[in-house]
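Visitor:
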Amino acid sequence: MKLWGGRFTKGTDKVVEDFHSSISFDQRLYRQDIRGSIAHAGMLGRQGIISPAEADAIISGLTAILADIEDGRVQFDVGAEDIHMNIEKLLTDRIGDVGRKLHTARSRNDQVALDIKMYLKEEICATAGLLAGLEETLLKLAEGHTGTIMPGYTHLQRAQPITFGHHLMAYFRMFARDMGRLLDCLERTDVLPLGSGALAGTTFDLDRNSVAAELGFAGITENSLDGVSDRDFAIEFCAAASIIMMHLSRFCEEIILWSSAEFRFVELDDAYSTGSSIMPQKKNPDVAELIRGKTGRVYGDLMALLTVMKSLPLAYNKDMQEDKEALFDAIDTVKGCLMVFTPMVDTMTLNETVMAQAARGGFTNATEVADYLAKSGVPFRKAHEIVGKLVLDCINRGKSLEDLTLEEYREVSPVIEADIFDAINIEKCVAARRVPGGPAPEAVQASIDKGKQWLQEIKKRFTS
Ligand code: ARG
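Residue numbers for the sequence shown, in the numbering used here: 533 to 996.
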């Protein structure tokens, strides 16, 4: 008979049983479910709701079941529907009737909310740890490339010279914001829902705070209806994961471009690329492409959760069982991507000569000529026009701005002196952009130093 079978006169249709069972995917919550039940039983015993001996029997039964599951000795039963009832059934089979007292003053509705929150808290910390690993790698690589010149782009057209270190630190900033989002989500997940009952709390005199303390929650939910029907925390995680994936996909797209024969800025390590089954010469950036592709499925997970929760009346509805697969998929995907992305970036080799050459070739110092004129009193708009014409003339004659003679410069504007060549020197152009947040080696180093400090501090919030 079902654990809830008293009110029923016949069994569940077999197809329905399979249809509404969640054990195939919620079994990954077994540790949280058992830990939560142990804390609940202990509290019931301390409050005199069950006897201390009963609490002890339940706790040792649950501890033994945990060990059996970890040793692979447990077969879950689809008929027992979900992880919560599977474990309760295993307990009763093992310790007899006293096992039936575990569910006193509790519902699967507050139980499942508890389990997901406990699980997600761990996974947020694991994801934050992987993100911190990526941030460390970016800091290390950036530090080695504060003087490595490359072209910066807008519209994917060469725009102005920057350094590779500066480019890497742009991603560092994105992932730093992602870290903030994960830790915000952690704070809102860190609230114990147990004690909300099915929806309306309970008449038993529970000590919710002691359960929260035992399970490592910062506090308890303030409203029983909200306690069982809130899945904002799962949505927030999927949103944060989606933004991480969006950032990874932008970085991957650049790596894919950079490793093409057209760019040749980087070469991926053989361990992080693959070949073609037909074209022997190919070395494909599959890992980067796959991360770019997996971004779509994490967005899908977020959309699935938002849509499941849309318009649901309070409090629990069975629709909410659909929360788990999407959440688990988002967790697995973002972690899996971070795990391969970091070493892929760490091991790729840079073609610094090609990068610097690309920065020199595309008139990326044209703004410097215009700035030079503006500093000599020519109105910037006028200077822009003069330099535009000069660039057009260079293009027609197959020359770069560095190739022009002083005489040729003075023909377009008499204010130009010999120091123009200093002004358009690519290295000097970059070095002069010392504004805080700019690409000059010293500005990038300052931002790396700040980043290191920030990372040290932030790590304390998810490692304990
Ligand atoms: N398996 C269910 C879920 O994942 C557990 C809660 C069931 N509660 C209920 N009233 N049917 O949401």
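Think of the CB as a built atom: it goes at the ideal place given N, C-alpha and C, for glycine as much as any other residue.
With a threshold of 7 Å on Cβ separation, who are the neighbours of GLY611 within its own chain once the five nearest residues in sequence on each side are excluded?
Guide: Here residue 611 is taken as the residue at index 79 of the sequence shown, counted from 1. Cβ within range, chain order: GLU549.
Visitor: Would you kindly check if the distance between the Cβ of VAL872 and the Cβ of ILE787 is under 9 Å?
Guide: Taking the first residue of the sequence shown as position 1, residue 787 is located at position 255. Taking the first residue of the sequence shown as position 1, residue 872 is located at position 340. Their beta carbons are not under 9 Å apart, which means ILE787 does not touch VAL872 by this criterion.
Visitor: Looking at LEU576 and PHE749, is the spacing between their C-beta atoms short of 9 Å?
Guide: Position 217 of the sequence shown, counted from the start, is the residue given in the question as residue 749. Position 44 of the sequence shown, counted from the start, is the residue given in the question as residue 576. Going by C-beta atoms, PHE749 is not nearer than 9 Å to LEU576.
Visitor: Is the beta carbon of GLN643 within less than 8 Å of some heavy atom of the ligand ARG?
Guide: Start at 1 with the first residue of the sequence shown, and residue 643 comes out as number 111. Indeed, a heavy atom of the ligand ARG lies less than 8 Å from the Cβ.
Visitor: So, with DSSP's three-state summary, where would you put GLN853?
Guide: Taking the sequence shown and counting its residues from 1, the one referred to as residue 853 is at position 321. Here GLN853 sits in helix by DSSP.
Visitor: Specify whether the stretch 941-952 and the stretch 654-670 touch according to this definition: at least 3 beta carbon pairs, one from each stretch, less than 8 Å apart.
Guide: No: the two stretches stay apart, fewer than three of their Cβ pairs being nearer than 8 Å.
Visitor: What are the partner residues of PRO683, as DSSP defines its beta bridges?
Guide: Start at 1 with the first residue of the sequence shown, and residue 683 comes out as number 151. Its beta-bridge partners are PRO693.
Visitor: My output table needs one value for ASN816: the three-state DSSP class, helix, strand or coil.
Guide: Working through the sequence shown from its first residue, we reach residue 816 at position 284. DSSP places ASN816 in strand when its eight states are reduced to three.
Visitor: Please report the straight-line C-alpha distance between PRO683 and TYR848, rounded to a whole angstrom.
Guide: Start at 1 with the first residue of the sequence shown, and residue 683 comes out as number 151. Start at 1 with the first residue of the sequence shown, and residue 848 comes out as number 316. If you take the alpha carbons of PRO683 and TYR848, they lie about 55 Å apart.
Visitor: Go through the stretch 902-975 residue by residue and report every complete run of the alpha helix (DSSP H) that reaches 4 residues or more, in order.
Guide: Whole alpha helix (DSSP H) segments, 4+ residues: 912-929, 938-944, 952-955 and 958-964.
Visitor: Please determine, among ASP642, ILE775 and LYS621, the residue with the shortest C-alpha to C-alpha distance to LEU757.
Guide: Along the sequence shown, read from residue 1 onward, the residue named residue 757 stands at position 225. The residue with the shortest Cα to Cα distance from LEU757 is ASP642.
Visitor: Can you tell me where the alpha helix (DSSP H) with ALA803 in it begins and where it stops?
Guide: In the sequence shown, the residue the question calls residue 803 occupies position 271. Looking at the DSSP string, ALA803 is not in any alpha helix (DSSP H), and its letter there is neither H nor E.
Visitor: Would you say the beta carbon of ARG640 is closer than 8 Å to some non-hydrogen atom of the ligand SAH?
Guide: No copy of the ligand SAH occurs in the structure displayed; its ligands are the ligand ARG alone.
Visitor: Check whether the Cβ of GLN889 sits closer than 8 Å to any heavy atom of the ligand ARG, and report yes or no.
Guide: Stepping through the sequence shown from its first residue, residue 889 is reached at position 357. It does not: the Cβ of GLN889 is nowhere closer than 8 Å to a heavy atom of the ligand ARG.
Visitor: Looking only at its own chain, which residues have a Cβ that is under 7 Å from the Cβ of THR753, when we skip the five neighbours before and after it?
Guide: Here residue 753 is taken as the residue at index 221 of the sequence shown, counted from 1. Closer than 7 Å at Cβ, skipping near neighbours: VAL723, LEU724, PRO725, SER728 and GLY759.
Visitor: Which residues in the same chain have their Cβ closer than 8 Å to the Cβ of ILE619, if we skip the five residues on either side of it in sequence?
Guide: As a first step, residue 619 must be located in the sequence shown, where it is residue number 87. Contacts found: TYR562, ASP565, ILE566, SER569, LEU594 and ILE597.
Visitor: Between the alpha carbons of GLN692 and ALA803, how many angstroms are there, rounded?
Guide: As a working mapping, residue 692 is identified with position 160 in the sequence shown. As a working mapping, residue 803 is identified with position 271 in the sequence shown. Cα to Cα, the separation comes out at about 33 Å.
Visitor: Assuming VAL830 contacts MET777 (C-beta within less than 8 Å), just tell me the rounded distance between them.
Guide: Locating residue 830 in the sequence shown gives position 298, where the first residue counts as 1. Locating residue 777 in the sequence shown gives position 245, where the first residue counts as 1. 5 Å between Cβ atoms; contact.
Visitor: Which residues share a DSSP beta bridge with GLY751?
Guide: Along the sequence shown, read from residue 1 onward, the residue named residue 751 stands at position 219. Its beta-bridge partners are VAL723.
Visitor: Should GLY580 be labelled buried (16 or more other beta-carbon atoms within 10 Å of its own) or exposed?
Guide: By 1-based counting over the sequence shown, the position of residue 580 is 48. It counts as exposed.
Visitor: Alpha carbon to alpha carbon, how far is HIS779 from LYS534? Give it in angstroms, no decimals.
Guide: Numbered from its first residue, the sequence shown carries residue 534 at position 2. Numbered from its first residue, the sequence shown carries residue 779 at position 247. Between LYS534 and HIS779, the C-alpha separation is close to 47 Å.
Visitor: Is the beta carbon of TYR562 within less than 8 Å of some heavy atom of the ligand ARG?
Guide: For the purposes of this step, residue 562 is taken as residue 30 along the sequence shown, with counting starting at 1. Checking every heavy atom of the ligand ARG against the Cβ of TYR562, none is found closer than 8 Å.
Visitor: For a test of your reading of the model: does the CB of TYR848 fall under 8 Å from any non-hydrogen atom of the ligand ARG? Yes or no.
Guide: Residue numbering aside, residue 848 sits at position 316 when the sequence shown is read from its first letter. Because some heavy atom of the ligand ARG lies under 8 Å away, the Cβ of TYR848 counts as near it: yes.
Visitor: Taking a contact to mean a Cβ-Cβ separation below 9 Å, would you say ASP903 touches ALA915 in this structure?
Guide: For the purposes of this step, residue 903 is taken as the residue at position 371 of the sequence shown. For the purposes of this step, residue 915 is taken as the residue at position 383 of the sequence shown. Yes, they are a contact pair.
Visitor: Note down, in chain order, each residue of its chain lying with its Cβ closer than 8 Å to the Cβ of ASN741, except the 5 sequence neighbours on either side.
Guide: Counted from its first residue, the sequence shown places residue 741 at position 209. The residues are ILE752.
Visitor: So does GLN692 have its beta carbon nearer than 8 Å to some heavy atom of the ligand ARG?
Guide: Mapped onto the sequence shown, residue 692 falls at position 160. Every heavy atom of the ligand ARG is 8 Å or more from the Cβ of GLN692, so no.
Visitor: Which residue marks the beginning of the alpha helix (DSSP H) containing TYR562, and which one marks its end?
Guide: On the sequence shown, residue 562 is found 30 positions in, with the first residue counted as 1. Its alpha helix (DSSP H) spans residues 562-578.
Visitor: Less than 8 Å between the CB atoms is what I'm expecting for ILE590 and LEU623, so what's the real figure, rounded?
Guide: One-based indexing of the sequence shown puts residue 590 at position 58. One-based indexing of the sequence shown puts residue 623 at position 91. Correct: roughly 7 Å between the Cβ atoms.
Visitor: Enumerate in chain order the residues of its own chain whose CB-to-CB distance from ALA573 is below 7 Å, with the five nearest sequence positions on each side excluded.
Guide: Locating residue 573 in the sequence shown gives position 41, where the first residue counts as 1. Counting only Cβ-Cβ distances below 7 Å, and skipping sequence neighbours, we find ALA587, ILE590, ILE591 and LEU634.
Visitor: Does the ligand ARG have a heavy atom nearer than 8 Å to the CB of GLU613?
Guide: Taking the first residue of the sequence shown as 1, we reach residue 613 at position 81. Yes, since a heavy atom of the ligand ARG falls inside the 8 Å radius drawn around the Cβ of GLU613.
Visitor: Within 10 angstroms of the Cβ of MET880, are there 16 or more other Cβ atoms? Answer buried if so, exposed if not.
Guide: Working through the sequence shown from its first residue, we reach residue 880 at position 348. Its Cβ being crowded by 16 or more others within 10 Å, MET880 is buried.
Visitor: Using a Cβ-Cβ cut-off of 9 Å, state whether LYS842 counts as contacting chain D.
Guide: This model lacks chain D altogether; it includes just one protein chain.
Visitor: Within the chosen definition, does the stretch 950-961 reach the stretch 923-939 through at least 3 CB pairs nearer than 8 Å?
Guide: They touch, by the three-pair rule.
Visitor: I need the DSSP call for LEU738, collapsed to helix, strand or coil.
Guide: Locating residue 738 in the sequence shown gives position 206, where the first residue counts as 1. LEU738 falls in the coil class under three-state DSSP.
Visitor: Apart from the five residues on each side of it in sequence, which residues of its chain come closer than 7 Å, Cβ to Cβ, to LEU789?
Guide: Reading the sequence shown from its first residue, position 257 is the one you call residue 789. Cβ neighbours of LEU789 beyond the five flanking positions: PHE795.
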